[in-house]
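Number of protein chains: 2
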Amino acid sequence: MPLPASARVDIERFWTTIERSGEIGVGRPGGLSRLALGDADKEIRDLFVAWCREAGLTVRIDAIGNIFARRAGQDDTLPPVMMGSHLDTQVNGGRFDGIAGVLGGLEVIRTLDAIGHRTRRPLELVNWTNEEGGRFSPPMVGSGVFTGVYTLDWAQERRDDDGKSMGEELQRVSYAGEAQAAPPPLDAYFEFHIEQGPILDREGFQVGVVTGGYASTGTIVEFRGETAHTGPWPMEKRRNALAAGARLLTAVDDLGWEFAGSGGKATAARLVAWPNKPGIISDWAQVTCDVRHADPEAAAVMAERMLRAAHEAAARASCGIEILDTWRWGGKVFAEEMIGLVRETSLALGYRTRDILSQAGHDAYFLARDTPSAMIFAPCKNGITHNNNELSTREDLEPGLNVLLRAVVARADR
Amino acid sequence: MPLPASARVDIERFWTTIERSGEIGVGRPGGLSRLALGDADKEIRDLFVAWCREAGLTVRIDAIGNIFARRAGQDDTLPPVMMGSHLDTQVNGGRFDGIAGVLGGLEVIRTLDAIGHRTRRPLELVNWTNEEGGRFSPPMVGSGVFTGVYTLDWAQERRDDDGKSMGEELQRVSYAGEAQAAPPPLDAYFEFHIEQGPILDREGFQVGVVTGGYASTGTIVEFRGETAHTGPWPMEKRRNALAAGARLLTAVDDLGWEFAGSGGKATAARLVAWPNKPGIISDWAQVTCDVRHADPEAAAVMAERMLRAAHEAAARASCGIEILDTWRWGGKVFAEEMIGLVRETSLALGYRTRDILSQAGHDAYFLARDTPSAMIFAPCKNGITHNNNELSTREDLEPGLNVLLRAVVARADR
C-alpha cells in the first residue's frame, strides 16, 4: 500500500523533540555546547536511544559510538535505507545543526508508525559520532570509520585538548559498542540538515536540493622551533613556532579575501602553541586551517597555496614543519538518481525548491562514497550557524522534513 | 674595619646552592620549569628561607610574597643596601636566570659571615615574586607592587591560564605574608644576573656593567569577534578574532625583522583564542607581544607601529579591540654613581669589563625608580636563556659575584 498523498510529518511533535534536545548541554543564550562524548552528549544519546526504543526500533552501537536504530521492513533481508546526522555541537553551537537531521529522521519513523505504513526495505536511523570535530579533530570521525575512510584504531586515538582520547571517552560514556555497523551495502542514505548559509533564507526558498559540496581542503600543520628569551635573542637566530603559525593563519585569511569575489572561503581556525607565554619564544605550534570553493579548480589552487604558505611560514621562522593531517571533501559526490528524487519530491509537494551546493562538511560526503546519497537543506535565519543565534523555525523546517519523509519512503518502497 | 682586599666569594659553596636549586622543579634535561607560586616555587622558597635563617637573617614576607632576609648592620637605623633577584623560572627555563642573583646575594652574606665583617648599613636579600610572568602576566609583579608600579589588589587578581589568581596561589603556598616591605628608603639596590645575551661570552668579557636597558614596550591586546561556521559564512561577514590575533603577531614579527639591522627585536609571544577549534570561527583572542630597541627613539617608533598594527588587525577582521595592558621599561634607569661603583670595582679586581645594555626586563628597573640601583652581568654560553640549555659555569659567574660582594660592601660601609 503506497504512502497516502496526504501524509505529512507532525511538526509540533518534531518541535517538542528539538526543544527537549535544546535543554541538554545549554551554552550561551539560545545555543548549545554539546561536545562529542562529553556529559551532555551522553545525556542526549541516552534520550535519543530511549526515544528510538519507544518507537520500537532496534538500537545498535558500534565501536566508535555511532548509534543505529533499525525499523524492520516488509522484506528485512533487503539493504536498508538510512537517514540521520549528528547530535553533537560545537562549543558555541546552535540547536538545529545536525540535530534536526537526527530528530527529523525520528519524526519520519513516528509518522510512519502513526499512519501504519511499513516500508518494503528496512529503515536505519543514525547518529554519527563527533561530526563537528569541535572537541576531537578531525570532524566526521564516526561516519569516517563507518565508511572506511579512517581506521577504528586511529579514530580511538584522537585526543582532545586535555589529552583524553576518543577511545577513553567512549568507554566513559558507555558508547563503545560491540555491534557491527549496519550490514553493507546500504540501499541509500538521506541527510536532512539546515543550510548553514544565507541563500535559501535570503531568496525565499523552502527546500534546498544539495547537488554537491564546495571542494574543501583542511589541514593540521605542526611547526617546531626553539625556546629563547623574547628580549636579547637576535631575530636572525629565532625559531619562533608561534610566529610561524601566525604567518600561516594570516596567509590563509589573505587567501580567503583573494578568492572572496568568487565565493571562496579560507579560515584561520585554530592555533595552539607551547609555551605560549610572555617572555619566552614558543618552540611548538599547531595550526588548523581550511579552504573551500564551489569551483574545484579554484579550490585546488587555494589548497596548493595554503600548503605553500605553510612551508613559507616555516622557512621564514626557521622552524621545522610537519603536515599532520589533510582532509578533503566536496565535489559532485551525490548520485544523480538521489538528487533527482529529492528535487521531484519537493516540487511535487509544491515547495519553492532550488539546487544548492553545501559549503560545510557533512557525514553524507563519506556515505556517498559507497552508497547513493542525498542531502536536503532547510533555511536558517541569515545563515547564522555555529553560533548561539542559529535559528530555524517550524516553518523553515517542515517542508524539508516532508521531503525527507516522502523521498525515504519512495526509495524504501521500491 | 674595611673588607680585606683578599676577600672573595666561595664559588664552590655558591655552586652547591645552584645545584641544589637545580633539583627543584626539574624541566627538560638541564633546565627548570619552576613557575611562580607553583609547588616547585614553594619548595625553593622554603629552602631559601631555611638557608637565610641558617645564616642568621631575619625573614619577612610581604603580601605579594616577596621574601626579604635582613642582616643587621652596625647602625641598624640606616637605610639598608638591598640585593637579590628571583627564583621563579619560565616553563622551559634555565638554572641561572634570576636564581644566580638571589643565591649570589646569599653567598655574599655567607662570605661576610665567614670573614666576620659586619657592614655599617644593614643588608637586605630579596626574592621577588613572579619576575618571569611565565604563569601570571605581566612580568615583574612582585617588584612592581613593592615599588608602587602596581597596586596589591590588582596584582592579587592576576590569573593563570587555569583561572587561578595570584592571591589564591599565594595563600595556597603560604606566601601571602603580613610584613610590610623593607622600610623605604633603601640606600641602594644591586642585582647580579646572567646576561641572557651572547655579547660577553662572544667577546670574552667577564663582567658586564649594565648602564641601562633596551627601551621595551609590551602589550596585551584583546580582540572580539563573532563565532560562525568556517565554511559557508562569507569572508566579508566574518569577524574572526583569531585571524586578527594572527595578523598582529605577523606584523610584530615583521617589525622585528625590519629593525633587526640595528639590533631591534619584536616578539610574537602569546596568542590564545576561543573557541579555537576547527569548524568554528573564534570570537575572542588575546595577544601578548613586545618590541625592544637600544635607541629609545627607534623603540618609540616600534611601539607606535605595534599599536597601529593592532588596530589594523582589528579593522581587517572586523573585530573590536581593547588594549588590556601596556608595560614599558628600559632606558637610562640606573644611577651614575652606582654604575661607576660597579665598573670601578670590576676593574680594580682585574676583570675584563665592559659596559652593556640589558635587553631583558628586570626587577632592578622598577627598583631604580626610587633607589640608586645597579646590575652586574655574568656571561652565559652563546646567550642561550629561557631554554633548558642555558649555561653559565663557575668561571662565568665568579667574577661578577666578587664584584657584587665588594660593591655591596663599599656601598653599605660608607
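Chains as they are written, first to last, in this note's numbering: chain A, 1 to 414; chain B, 1001 to 1414. From the three backbone atoms N, C-alpha and C, an ideal C-beta is built for every residue, glycine too.
| Asked | Found |
| --- | --- |
| Chain-order list of residues whose beta-carbon lies under 7 Å from that of residue 1404(B) (same chain, five-residue window excluded) | 1083, 1104, 1108, 1190, 1192 and 1376 |
| For residue 322(A), three-class secondary structure by DSSP | strand |
| Runs of beta strand (DSSP E) wholly within the segment 71–97 of chain A (minimum 3 residues, chain order) | 81–85 |
| First and last residue of the uninterrupted alpha helix (DSSP H) at residue 1009(B) | No alpha helix (DSSP H) contains residue 1009(B), which DSSP labels as neither H nor E. |
| Pairwise C-alpha distance: residue 1268(B) and residue 1253(B) | 6 Å |
| Within 7 Å of chain B by C-beta, residues of the segment 235–268 of chain A in sequence order | 235, 236, 240, 242, 243, 246, 247, 249, 250, 253, 256, 257, 260, 265, 267 and 268 |
| 8 Å contact criterion, which residue 1329(B) and residue 1351(B) should meet: CB distance rounded | Contact flag wrong, Cβ pair sits at about 27 Å. |
| Residues from the segment 1014–1042 of chain B in contact with chain A, defined by Cβ distance under 8 Å | none |
| Ranges of the alpha helix (DSSP H) found wholly within the segment 320–359 of chain A, counting only runs of at least 4 | 336–348 |
| For residue 1265(B), three-class secondary structure by DSSP | strand |
| C-beta neighbour in chain B for residue 314(A), strict 8 Å | no |
| Runs of alpha helix (DSSP H) wholly within the segment 1191–1232 of chain B (minimum 4 residues, chain order) | 1199–1203 |
| Neighbour flag for residue 278(A) against chain B, beta carbons, 8 Å | yes |
| Nearest residue (CA-CA) to residue 1093(B), options 1028(B), 1054(B) and 1154(B) | 1028(B) |
| Cβ neighbour criterion (16 or more within 10 Å) applied to residue 1216(B) | buried |
| Segment contact, 8 Å Cβ cut-off, at least three pairs: the segment 1282–1296 of chain B with the segment 344–361 of chain A | no |
| Residue interval of the beta strand (DSSP E) (run including residue 115(A)) | Not the beta strand (DSSP E): residue 115(A) falls in the alpha helix (DSSP H), residues 99–115. |
| Validate contact between the segment 291–306 of chain A and the segment 207–226 of chain A using beta carbons, cut 8 Å, 3 pairs | yes |
| Beta-bridge pairing of residue 62(A) - partner residues as DSSP gives them | 179(A) |
| Beta-carbon proximity check, residue 99(A) vs residue 394(A), cutoff 8 Å | no |
| 7 Å Cβ shell around residue 1071(B) - same chain, five flanking residues per side excluded | 1057, 1109, 1122 and 1123 |
| Residue 248(A) vs residue 310(A) beta-carbon contact at 8 Å | yes |
| Counterpart residues of residue 288(A) in DSSP-defined beta bridges | 220(A) and 270(A) |
| Stretch-stretch touch, CB-based, cutoff 8 Å, three pairs: the segment 128–141 of chain A with the segment 1273–1287 of chain B | yes |
| Neighbour flag for residue 1005(B) against chain A, beta carbons, 8 Å | no |
| Alpha-carbon spacing of residue 1118(B) relative to residue 1074(B), whole angstroms | 6 Å |
| Euclidean distance between Cα positions of residue 1343(B) and residue 1391(B) | 24 Å |
| Distance CB(residue 242(A))-CB(residue 1271(B)) smaller than 8 Å | yes |
| beta-carbon residue 278(A) near the ligand FMN non-hydrogen atom, thresh 7 Å | By its list of ligands, the structure shown contains no ligand whatsoever, and the ligand FMN lies outside what it can speak to. |
| Proximal chain A residues relative to residue 1292(B), where beta-carbon distance stays under 7 Å | 231 |
| 8 Å Cβ cutoff, residue 217(A) in contact with chain B | no |
| Residue 1375(B) in three-state terms, based on DSSP | strand |
| Opposing strand residues paired with residue 188(A) [DSSP bridges] | 81(A) |
| Residue environment, residue 1184(B), which counts as buried when at least 16 other CB atoms sit within 10 Å | exposed |
| Rounded straight-line distance, which links the Cα of residue 1250(B) to that of residue 1260(B) | 15 Å |
| Proximity of residue 6(A) and residue 363(A) at Cβ, strictly below 8 Å | no |
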